[in-house]
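Colleague: To convert a position in the sequence shown, counted from 1, into our numbering, add 62.
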Amino acid sequence: MRDPDKKKTISNEVIFNVIGIVGVILLVPIFITFVFWYLDTNVLQQVDENFLNTFVSHSKEILIISVSLYALAFYYVVTFFRTVKPKKTDMLASQCWSTVSEQKKFFGSTVVDASLNLEEGGSPINYLPNENIILYEKGAVHDIVVGTTRCGKSRKIVRQLVMIVSMAGESMIFNDPKKEMYFDFRNFLEKKKDYKVNCLDFRNLQYSDGWNPLDSIIDCLQDRDDPDIDNADQYSQDMVTSIVVDSGKGEQIWIDGQKALIKGIILANCQANVSEDKKNFYSVYQTLALLGGEQAYNNNPNDKKMKLSAYMNSLDETDIARTAYTTITNSPEKTRGSFMTSALATLQLFSSIKLMKVLSKSDFSFREFTEGKRALFIVNPDEKKTYDRIAGICFDQSYQTLVFEANRMQGRRLKKKAHMIYDEFGNMPTIDAMQSKMTVALSRGIVYHLYVQGFDQLNDRYDESIARIIRGNCNLTYFISSADLNTCKEVAESIGDETIWGPSHSANYNPIASSTGSGVNYSMSKRQLVDANELMVADNRDGNGIIVKRTYFSPSKVYLPDCSEYPWYEEMKTDETEISKADRELNWAVPRCFELRETEIRQAVYTDEDCNSISMSERRRPILTQKNSMPNEKELYWYWSMRDDLSESVKKHVIQHIANCNKILSRKEIMKYLKSKEFFDYINPIDVADKQRHSTESADRVKMVKTALQSFDNNSSQKQSTLMKKIDDLSVPQLRELASVARVIRDGKARNG
63 MRDPDKKKTI SNEVIFNVIG IVGVILLVPI FITFVFWYLD TNVLQQVDEN
113 FLNTFVSHSK EILIISVSLY ALAFYYVVTF FRTVKPKKTD MLASQCWSTV
163 SEQKKFFGST VVDASLNLEE GGSPINYLPN ENIILYEKGA VHDIVVGTTR
213 CGKSRKIVRQ LVMIVSMAGE SMIFNDPKKE MYFDFRNFLE KKKDYKVNCL
263 DFRNLQYSDG WNPLDSIIDC LQDRDDPDID NADQYSQDMV TSIVVDSGKG
313 EQIWIDGQKA LIKGIILANC QANVSEDKKN FYSVYQTLAL LGGEQAYNNN
363 PNDKKMKLSA YMNSLDETDI ARTAYTTITN SPEKTRGSFM TSALATLQLF
413 SSIKLMKVLS KSDFSFREFT EGKRALFIVN PDEKKTYDRI AGICFDQSYQ
463 TLVFEANRMQ GRRLKKKAHM IYDEFGNMPT IDAMQSKMTV ALSRGIVYHL
513 YVQGFDQLND RYDESIARII RGNCNLTYFI SSADLNTCKE VAESIGDETI
563 WGPSHSANYN PIASSTGSGV NYSMSKRQLV DANELMVADN RDGNGIIVKR
613 TYFSPSKVYL PDCSEYPWYE EMKTDETEIS KADRELNWAV PRCFELRETE
663 IRQAVYTDED CNSISMSERR RPILTQKNSM PNEKELYWYW SMRDDLSESV
713 KKHVIQHIAN CNKILSRKEI MKYLKSKEFF DYINPIDVAD KQRHSTESAD
763 RVKMVKTALQ SFDNNSSQKQ STLMKKIDDL SVPQLRELAS VARVIRDGKA
813 RNG
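1. If you draw a straight line from the alpha carbon of V129 to that of I557, how long is it in whole angstroms?
2. Alpha helix (DSSP H) containing A372: first to last residue?
3. If distances are taken between C-alpha atoms only, which option among F742, I305, I77 and N442 comes closest to K321?
4. Any chance the region 325 to 338 sits against the region 647 to 657, with 3 or more Cβ pairs inside 8 Å?
5. For R436, which residues does DSSP report across the bridge?
6. In chain order, what residues of the same chain have a beta carbon less than 7 Å from the beta carbon of N79, not counting five sequence neighbours either side?
7. Cα separation between E356 and M368?
8. Starting from N548, follow the alpha helix (DSSP H) in both directions and report where the run begins and ends.
9. Can you look up M63 in the DSSP assignment and give me helix, strand or coil?
10. Would DSSP call H120 helix, strand or coil?
11. So, using beta-carbon positions, are F439 and D277 closer together than 7 Å?
12. State the start and end residues of the unbroken alpha helix (DSSP H) segment that holds T448.
13. Would you call the region 414 to 422 in contact with the region 341 to 357, where contact means no fewer than 3 C-beta pairs closer than 8 Å?
14. Quick check: what's the CA-CA separation for T549 versus A594?
15. Would you kindly check if the distance between the Cβ of C213 and the Cβ of I455 is under 7 Å?
16. Just to confirm, are D444 and N489 a CB contact at a threshold of 7 Å?
17. Keeping to the same chain, check which residues put their C-beta closer than 6 Å to that of V716; ignore five residues upstream and five downstream.
18. For the candidate residues L323, C723, V139 and Q284, whose alpha-carbon lies nearest to that of M301?
19. Relative to the C-alpha of A480, which residue among M496, S505 and A495 is closest?
20. With DSSP run on the structure shown, which of helix, strand or coil describes M704?
21. Three or more C-beta pairs closer than 8 Å, one from the region 614 to 628 and one from the region 154 to 170: is that the case here?
22. Quick check on T211: buried or exposed, where buried means 16 or more other Cβ atoms within 10 Å of its Cβ?
23. With DSSP collapsed to three states, give me the class of T561.
24. Where D271 and T492 are concerned, what is the direct C-alpha to C-alpha distance, given to the nearest angstrom?
25. How do the region 311 to 319 and the region 244 to 255 stand: do at least 3 beta-carbon pairs fall below 8 Å, yes or no?
26. Taking A480 as part of the alpha helix (DSSP H), name the residues at either end of that continuous run.
27. For E467 and L421, what's the separation of their Cα atoms in angstroms?
28. Leaving out five residues before and five after F428 in sequence, what residues of the same chain have Cβ atoms less than 6 Å from its Cβ?
29. Where do the ends of the beta strand (DSSP E) carrying H511 lie?
30. Provide the residue span of the alpha helix (DSSP H) that contains Y347, from first to last.
31. For L180 and Y257, I'd like the C-alpha separation in whole angstroms.
32. Rounded to a whole number of angstroms, what is the C-alpha to C-alpha distance between I87 and I124?
33. From D458 to V750, what does the alpha carbon distance come to, in whole angstroms?
34. Take Q157 as the anchor and find which of Q590, D290, S119 and N535 has the nearest alpha-carbon.
35. Between the Cα of W702 and those of G399, N192 and N746, spot the shortest distance and give me the residue it belongs to.
36. R286 and C625 - do their beta-carbons sit closer together than 7 Å?
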């Protein structure tokens, strides 16, 4: 049923329109008559002429002019309504480009002056050169930048990001495959912003700083009285997951076996009673290589097992290393052999001395990055994949450590944001559970900045569904250029649609093909604000027209020129000076053992007469009782050492310790002593590399023996002279043996009191 009030309103509008049209029609001849009257009275000086006479005398002219004006007005009105476009509307879609004033309200802004300080840093959004202002993202938002090779991703965006972040004093971790960022920003960050800067260079290892991948595990197990076992176990599991490549083509048992074997050795090494510089992957590799072979025990050829298994069995039943090793212990003999072979192949990378010098000792800790003003540049060459697994471990460990530290802070968030700046992310090694990391990171104050050539790169590196999640976690997207149609389509769709009026033309034609009438109709439709084809041909090389899409904000076309266009470009002074660190030392250790029988333990605490009854042959009896055979496991005692010639000395030291205790020690008590600080203080000074040992210990031992000889009585000068001459002729091994004998004599005298 129609609304009578509405009908009445429409009728009134029609009446008013009719009255208006009639009024205009009447006013036109009146106005023309007035013009003629004015001309007659003022120009022609016809004083007696009145308005009515003028209308009568010029009626024909007035009529012609009025009709002409009516026709002209009718033509223009009709033409106007035929050609005018309807007003813009958002009825079907409402997306539009943001204005600069809107951007200023939404984003942060700062003067382009590197000496200033900011509360928070973030990615650049728009540069306003007339105002010398740059707008930037100040929230905790992941971003992804799409741009083909040589489009200037680094110079247009990354360098401005570094400047803004440094103004806020926030930490940064870079993937810097060309080492350009390190050379450009090292001096600026160190000298102007008081940053601590480190570089891991996997292209030229001699120029790299040091980093031990086992640091996190070592830190967890550092407190012997209260070790953080749970986190140590988790860190080691993450470690082996990054090391052991699962192609998905083989049976899972082989992957799990490798992981269990390597994890067990890692945990054993990280809690070994040695200095921290010996807890590294070279020790892990050497442990597997030297203790991986099978040997017979108890002179029984049928009782064969790996020396590594014998060592693991010597640990407490609840020890985390032994627990991790359980898979190997319970596996059949042939299966263990396959595990060993596969694990050795996996760890072959860690046999390189040059690489292991870099990975044996850390020059920095990821814990330092929680406080800000830290920068790490990781140079992982994109032309080869040799060190991809190690770089992947580094990226993964940085995240794990920062999250761990954030969870311990108030609000479970870092005090200063940490920025993961991953240039050439599409060529980086695959980071395990990257989608989950990005989901968790923002709440902890960790921001990822990803730079790719196209979304197809992500699909190749990660599973397509995972790549989609990674892109979805990026609330800020930059588009510079792309030759990939699918990438352009996805960007265009994410920007959104607008409502447009589309014209449709119609015309009538007579039989001789001449137009007799035409018309234009407009209808509403949706159109992408920018379509894929436009994106593919867009030329943004000067920085104009770069597209920025931010969640909760309209898309923007911005100006982000080359870094040389900014006033702070003078701060970026490239310095390619490098200092070689090739002479750094590599220390390591593996489990060593000595045989200590129950009779020897008892004899250590017997009377002097009983002790002297032990024959020299018994004291020097070798550990191995048969070729390729080991003694009873329960009579083997294990310690970690780099040297393979200390077993006898260690055994004598342990016997002396038992004698000093003046009681028979149980196996558990002896093993506890081998893990004590007292034993560490004994073995650490002598457990040094051959080069260092030969250059220092030989001189020390000669001096020691000469000093002892000089204490002879005066009447023994001839004997002393003869011995001194003999000492000068001794070789280094002979001097070592002489020193060992001297220690035996000294220890005997000490027991005799």
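C-beta atoms are modelled at their ideal positions from N, C-alpha and C, and glycine is treated no differently.
Modeller: Let's see:
1. 54 Å
2. K369 to S376
3. I305
4. yes
5. K258
6. none
7. 4 Å
8. L547 to I557
9. Residue placement at M63 is poorly supported in this model, since its pLDDT is 43, which falls under 50; the coordinates still yield a value, given next. M63 falls in the coil class under three-state DSSP.
10. coil
11. no
12. Element bounds for T448: n/a, residue is neither H nor E.
13. yes
14. 8 Å
15. no
16. yes
17. none
18. L323
19. S505
20. coil
21. yes
22. exposed
23. strand
24. 23 Å
25. no
26. Premise fails: A480 lies in the beta strand (DSSP E), A480 to Y484, not in any alpha helix (DSSP H).
27. 23 Å
28. S460 and T463
29. I508 to V514
30. F343 to L353
31. 15 Å
32. 13 Å
33. 33 Å
34. Q590
35. N746
36. no
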